[in-house]
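Presented below is the structure to which this report refers.
There are 4 protein chains.
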Amino acid sequence: MRIGVLTAGGDCPGLNAVIRSVVHRALAGHGDEVIGFEDGFKGLLDGRYRSLDLNAVSGILARGGTILGSTRLERTRLHEAADNWRQLCGAYGLDVLIPIGGEGTLTAARMLADAGMPVVGVPKTIDNDISATDRTFGFDTAVTVATEAIDRLKTTAESHQRVMVVEVMGRHAGWIALESGMAGGAHGICLPERPFDPADLVAMVEERFARGKKFAVICVAEGAHPAAGTMDYGKGIVDQYGHERFIGIGTALAVELEQRLGKEAKPVILGHVQRGGVPTAYDRILATRFGWHAVEAAHKGAFGHMTALHGTSVDLVPLADAVTTLKRVPENRMDEAESVF
Amino acid sequence: MRIGVLTAGGDCPGLNAVIRSVVHRALAGHGDEVIGFEDGFKGLLDGRYRSLDLNAVSGILARGGTILGSTRLERTRLHEAADNWRQLCGAYGLDVLIPIGGEGTLTAARMLADAGMPVVGVPKTIDNDISATDRTFGFDTAVTVATEAIDRLKTTAESHQRVMVVEVMGRHAGWIALESGMAGGAHGICLPERPFDPADLVAMVEERFARGKKFAVICVAEGAHPAAGTMDYGKGIVDQYGHERFIGIGTALAVELEQRLGKEAKPVILGHVQRGGVPTAYDRILATRFGWHAVEAAHKGAFGHMTALHGTSVDLVPLADAVTTLKRVPENRMDEAESVF
Amino acid sequence: MRIGVLTAGGDCPGLNAVIRSVVHRALAGHGDEVIGFEDGFKGLLDGRYRSLDLNAVSGILARGGTILGSTRLERTRLHEAADNWRQLCGAYGLDVLIPIGGEGTLTAARMLADAGMPVVGVPKTIDNDISATDRTFGFDTAVTVATEAIDRLKTTAESHQRVMVVEVMGRHAGWIALESGMAGGAHGICLPERPFDPADLVAMVEERFARGKKFAVICVAEGAHPAAGTMDYGKGIVDQYGHERFIGIGTALAVELEQRLGKEAKPVILGHVQRGGVPTAYDRILATRFGWHAVEAAHKGAFGHMTALHGTSVDLVPLADAVTTLKRVPENRMDEAESVF
Amino acid sequence: MRIGVLTAGGDCPGLNAVIRSVVHRALAGHGDEVIGFEDGFKGLLDGRYRSLDLNAVSGILARGGTILGSTRLERTRLHEAADNWRQLCGAYGLDVLIPIGGEGTLTAARMLADAGMPVVGVPKTIDNDISATDRTFGFDTAVTVATEAIDRLKTTAESHQRVMVVEVMGRHAGWIALESGMAGGAHGICLPERPFDPADLVAMVEERFARGKKFAVICVAEGAHPAAGTMDYGKGIVDQYGHERFIGIGTALAVELEQRLGKEAKPVILGHVQRGGVPTAYDRILATRFGWHAVEAAHKGAFGHMTALHGTSVDLVPLADAVTTLKRVPENRMDEAESVF
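Going down the list, the protein sequences come from chains A, B, C and D. Quick note: the first sequence uses the working numbering, first residue 4, plus one each step. Quick note: the second sequence uses the working numbering, first residue 4, plus one each step. Quick note: the third sequence uses the working numbering, first residue 4, plus one each step. Quick note: the fourth sequence uses the working numbering, first residue 4, plus one each step.
So this is what it looks like as structure tokens:
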């Protein structure tokens with residue numbers, strides 16, 4: 004078999020581990036050939052690819068980023084790919100394509116599969132918001148990085164009597180905020196799934212100070228937002244080129260708390276450190292298993308499917324199921340955390 | 004409700020997170036009282052306990068060890084406890100006991116429950132070998148510590164052309180070796196579940212050297228053993244008091260490889276660093292969820308059960324199911340790893 | 004002897020290690036008594052203190068923050084302390100005061116010493132900008148945290164062809180930016196000591212892209228600033244309460260580069276994670292040595308001095324020397340880094 | 004100029020950072036050429052080398068090991084090199100050789116320099132035992148790894164009432180044991196510089212248990228040894244091939260304590276994890292500075308010297324001074340640690 008692999012979308016620790024695993028399984032397990040397309044679907048369309056042998060993937064298991072590069076995909080060019088998939092496969096001698104990516108990439112993968120192209124997807128998102136799989140690789144690393152930051156902030160908050168607001172990633176789903184908030188012991192957690200009222204956070208902080216715990220750490224997902232009418236955001240950032248940009252919920256909430264509490268409240272915006280660098284052991288293992296099963300799926304002809312974790316097993320699910328609904332934090336998980344506002 | 008909690012058995016990162024979670028949920032969620040018995044079942048029998056309020060569990064979420072202490076349990080004294088459970092509960096005003104522990108502790112918990120005592124168990128083992136739950140807390144930390152060690156050893160092995168044998172924990176089940184071996188990219192993995200032949204490892208190393216990869220890292224569970232007749236262990240360690248002790252499979256295998264390969268092979272025995280210290284974010288979250296659900300189970304009267312992770316949910320399973328069979332690494336998980344010998 | 008200890012100023016990993024070391028050396032080495040004032044000089048003036056025995060400092064060596072608390076000091080109240088130092092010492096039975104703090108604290112310490120009070124200072128700053136000592140504890144931890152962030156960002160920048168601007172602490176001296184920039188391999192470093200021209204950074208990035216290295220990471224101290232006339236900052240942040248605040252050099256520079264390069268440039272502001280949490284081994288050792296030597300200095304009657312690292316030795320220097328000039332990054336250190344703009 | 008670089012001796016985190024820095028400074032700062040000899044002096048003699056340009060050293064700053072490889076040097080072949088240095092330099096067009104290594108390598112470097120070869124040395128040892136420099140790179144990483152292990156062991160020791168003996172590297176000098184023991188808060192530290200009496204350790208542990216601190220962690224350098232007549236080692240390890248090997252001081256001491264205390268005492272031998280893997284920020288910076296200054300020294304014609312850290316400066320010292328005396332832990336440093344036995 005001749006297998007093509009590509010990575011698309013934003014960065015996610017574990018991408019290289021999937022690539023390595025695909026190559027190992029394909030070459031050592033089946034005697035296949037593997038080629039890697041550069042910069043995601045662009046490389047597929049523009050004919051930029053390279054052969055991936057064991058040496059090409061040596062030493063990349065623990066490395067962040069992706070050796071294949073990745074760019075955001077243009078939708079129009081994807082239709083072009085779907086229409087010409089036979090030619091593309093012919094040109095590269097491709098028997099199957101394994102795209103590794105998030106919601107956008109898997110939607111694209113489905114489009115190609117629907118057109119008839121032999122495709123097996125591997126889901127990837129640090130946000131953990133793909134509903135067809137229990138977890139995605141990259142998520143554990145993001146939670147770990149965010150938790151380490153909260154750990155560090157907590158000692159400062161406690162000994163210096165500070166209120167701190169940590170903004171973590173998660174635009175549409177609050178998994179990173181939920182889990183890093185739980186792991187770090189945040190006193191308040193704000194999620195996109197449940198609009199919060201800043202007055203409740205103010206009450207929580209004041210109750211803490213009243214009983215002698217003169218600090219608080221609040222963990223807020225970048226996509227969290229206040230309930231209608233409870234708080235506004237000002238003009239945000241007005242930069243030197245006159246552009247206005249959203250101030251960010253972390254900063255806005257810190258301003259709001261500072262004003263209402265009459266105490267200093269500091270925002271910390273973790274940003275891209277959550278999506279780069281060495282993957283955790285957990286993510287390397289999950290990524291490696293996904294790569295292995297993607298190759299097996301290809302050999303079984305299970306096209307139009309993607310790998311998914313269910314309990315302790317890696318299974319295959321139809322791409323159609325994977326991208327229909329976003330996996331958001333359910334009420335019962337919020338209950339367990341105790342501190343979701 | 005008045006809830007008693009205790010920790011028993013060997014150390015396991017996340018124990019404090021469970022204790023904290025039990026206290027938080029019981030006090031804040033239900034207005035319960037919580038007492039903690041010291042040094043496991045000993046404290047229960049000897050009347051050594053203390054009240055656990057919010058202050059008592061402040062700051063312990065990320066701390067290794069257990070604030071309650073733990074000692075190995077004596078079986079005869081446990082029968083004493085089972086026979087007198089009514090008196091014990093009466094003396095402490097106890098409505099439910101939540102023992103946190105491994106196979107031995109859960110067996111004891113079951114014995115107490117069978118005698119009629121209201122008990123809800125929380126499973127704990129770094130070895131991940133309890134069959135009724137997908138995972139146990141402590142395991143992720145152990146795998147993480149072992150993986151970081153393998154990462155470090157690999158760079159030395161590669162640049163200095165060395166063969167290295169890393170021995171990790173796992174007497175009866177090879178989960179730590181399997182997962183840290185996969186995450187660290189070990190070239191060979193030996194598990195208790197499958198006796199290995201040193202000749203196969205020798206062949207693997209020689210094949211690597213032949214194609215220019217002049218190093219190898221082998222990850223071996225402490226309970227792994229060679230197939231009958233393939234290798235012996237010598238006298239082992241003969242210490243200054245004349246005691247003979249098992250040399251350990253890691254050391255024995257390194258000696259064997261050195262002799263057969265004619266190349267230096269170094270053993271590294273990770274030992275107790277795998278079971279202490281700050282738990283990973285993953286383990287803190289799982290431990291916190293287990294504590295929360297144990298309190299809920301107590302309030303529902305679900306005695307004789309323990310908490311368990313199934314997929315993304317924490318459920319309850321009968322203690323009877325928990326301790327009948329050891330969860331060992333199945334064949335299909337070995338296949339995925341590619342490098343199990 | 005009866006020794007008073009206090010911590011003042013911003014957070015700094017290693018404060019607890021100094022407190023512990025003072026107590027260990029004073030009690031075990033000399034049979035002294037130690038009391039700790041709460042919340043810095045405030046506790047001294049308000050009579051809030053507690054006795055510190057071995058149990059009080061058990062387990063704090065590796066903990067961030069300070070068990071004594073810290074608040075910013077009010078200058079007028081300090082004059083009050085200087086004027087009444089005899090009464091204060093009398094009231095507490097104090098033979099010597101050991102204040103641990105940064106430039107402001109050491110200036111206060113000097114004022115007290117000049118008034119006649121027996122004082123031995125211990126310098127503390129994550130910024131490493133105190134000229135009388137080779138290094139201060141807290142700095143190594145700050146550099147380590149910043150370096151880990153740059154490591155993570157670099158893999159993302161590389162595989163996703165990004166320009167990233169990391170803002171680290173350092174208002175008046177650029178040591179953290181210099182060293183984390185060197186350790187992380189930043190392609191550009193901007194320091195308060197040398198105004199930069201954004202055009203030079205643009206040229207560097209373009210040169211990199213031209214030779215196929217399609218990413219760049221720039222490390223900028225929060226106190227770095229552009230040369231006069233080369234760039235402005237806009238209105239900055241305009242929050243919901245109408246306050247205008249400085250946008251921050253990291254964000255401003257990212258905007259500037261994005262505009263001039265026509266490529267996305269992302270800012271990451273590390274903030275307070277650099278000053279909290281578990282200290283590195285280096286900082287724990289330096290802090291421990293400082294505490295030990297402060298007690299020895301007290302016993303030698305070397306008042307009006309502070310501890311300082313010179314080469315491999317911990318010595319004493321007059322407080323007068325410590326606070327006269329800020330230690331800034333010299334030209335030759337910038338040369339070594341190669342990438343300072 | 005045409006510069007040759009090589010790495011020799013055991014592994015040491017930071018080797019790659021030196022190589023990278025030499026290449027960066029030589030190419031970007033001076034327009035030089037750099038070649039790297041493979042496997043230490045062997046590559047020099049056998050003509051195995053490769054050209055090192057910017058791409059060759061891209062991404063290696065934070066990587067453990069050495070991209071050039073390293074083997075232990077054979078003394079007879081070195082004399083061969085010294086005798087033929089003119090031919091070797093002629094053959095490679097070499098203007099200067101920069102060997103990076105420990106005591107053995109620097110002695111070899113001195114021999115070559117004495118013969119007239121243009122040589123600039125860079126000192127390297129995780130043991131920190133080279134007297135002409137305040138510190139060497141690799142040492143901070145080793146101390147950090149050992150400290151993290153002690154941190155982990157301490158929580159287990161405390162909650163499970165254990166005595167633990169951690170053996171760290173350091174055959175002739177006890178720097179790693181001293182500093183990791185201080186940073187980890189070990190209750191006893193044993194160094195090669197001061198023979199210990201196990202009876203003193205027994206007394207310390209018993210005193211701790213008597214006052215309720217029912218655990219102890221002892222940090223012992225691999226080269227530490229008991230005072231004459233205080234303890235013996237037994238036969239050690241007798242392996243399956245009948246070889247007797249030293250049991251190791253960590254294991255022997257644990258056996259001794261267990262026997263004398265009547266309590267379980269567990270040894271943990273950290274081994275090679277201390278010398279591999281990602282270097283700390285501190286070590287990357289020192290290594291980078293050493294590389295930079297080695298190239299400058301070459302251009303100044305300061306042959307027969309090596310780089311050295313003195314206070315905050317990197318200077319040059321004659322190779323003759325570097326290798327005459329081993330830097331051992333002095334009495335005053337032991338006093339500061341309080342717990343050296």
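Yeah, the Cβ is synthetic: ideal placement off N, Cα and C, and Gly gets one too.
Would you mind sorting residue i into buried or exposed? The rule is 16 or more other CB atoms within 10 Å of its CB.
i: residue 303(C); result: exposed
i: residue 280(A); result: buried
i: residue 246(A); result: exposed
i: residue 16(B); result: buried
i: residue 174(D); result: exposed
If the cut is a Cβ gap below 7 angstroms, which residues of chain D does residue i touch?
i: residue 64(C); result: 188
i: residue 258(B); result: 242, 243 and 244
List the endpoints of the continuous alpha helix (DSSP H) containing residue i.
i: residue 36(B); result: From DSSP, residue 36(B) is part of no alpha helix (DSSP H) but of the beta strand (DSSP E) over 36 to 40.
i: residue 107(D); result: 106 to 117
i: residue 289(D); result: 284 to 303
i: residue 190(B); result: Premise fails: residue 190(B) is in no alpha helix (DSSP H) and is neither H nor E.
Closer than 8 angstroms, CB to CB, is residue i near chain A or not?
i: residue 163(C); result: yes
Mind reading off the beta-carbon distance from residue i to residue j? Whole number of angstroms is fine, and I expect it under 8 angstroms.
i: residue 270(A); j: residue 229(A); result: Not quite, the Cβ-Cβ distance comes to about 15 angstroms (not below 8 angstroms), so this is no contact.
i: residue 157(B); j: residue 191(B); result: Wrong, their Cβ atoms sit about 13 angstroms apart, outside the cutoff.
i: residue 60(B); j: residue 99(B); result: Not a contact, Cβ separation roughly 18 angstroms.
i: residue 224(A); j: residue 179(A); result: 7 angstroms
Just to make sure I have the definition right: I need the residues of chain B whose C-beta is within less than 7 angstroms of the C-beta of residue i. Which are they?
i: residue 25(D); result: By Cβ distance, chain B contributes nothing, its closest Cβ being about 17 angstroms from residue 25(D), past 7 angstroms.
i: residue 315(A); result: 137
i: residue 262(D); result: 244
Taking C-beta pairs closer than 7 angstroms, name the residues in chain C that residue i reaches, listed in chain order.
i: residue 156(A); result: 275, 276 and 279
i: residue 291(D); result: 185
Of all Cβ atoms in chain B, is any one closer than 8 angstroms to the Cβ of residue i?
i: residue 159(D); result: yes
i: residue 143(A); result: yes
i: residue 49(D); result: no
i: residue 224(A); result: no
i: residue 339(A); result: yes
Could you name the residues of chain B that residue i contacts, counting a contact when the two beta carbons are closer than 9 angstroms?
i: residue 146(A); result: 284, 285 and 288
i: residue 241(D); result: 237, 238, 239, 240, 241, 247 and 250
Can you tell me where the beta strand (DSSP E) with residue i in it begins and where it stops?
i: residue 170(D); result: 166 to 171
i: residue 125(A); result: 123 to 126
i: residue 257(D); result: That residue, residue 257(D), is in no beta strand (DSSP E); its alpha helix (DSSP H) goes 252 to 264.
Consider the C-beta atom of residue i and the heavy atoms of the ligand PLP; say whether any pair is separated by less than 7 angstroms.
i: residue 217(C); result: The ligand content of the structure shown is nil, which means the ligand PLP is not present either.
Within 8 angstroms (strictly less), CB to CB, does residue i reach chain C?
i: residue 183(A); result: no
i: residue 233(A); result: no
i: residue 178(D); result: no
i: residue 311(D); result: no
Answer yes or no: does any C-beta atom of chain D fall closer than 8 angstroms to that of residue i?
i: residue 244(B); result: yes
i: residue 271(B); result: yes
i: residue 105(C); result: no
Show which residues of chain A have a CB atom less than 9 angstroms away from the CB atom of residue i.
i: residue 73(C); result: 162, 163 and 164
How would you list, in chain order, the residues of chain A whose beta-carbon sits under 7 angstroms from the beta-carbon of residue i?
i: residue 150(B); result: 284
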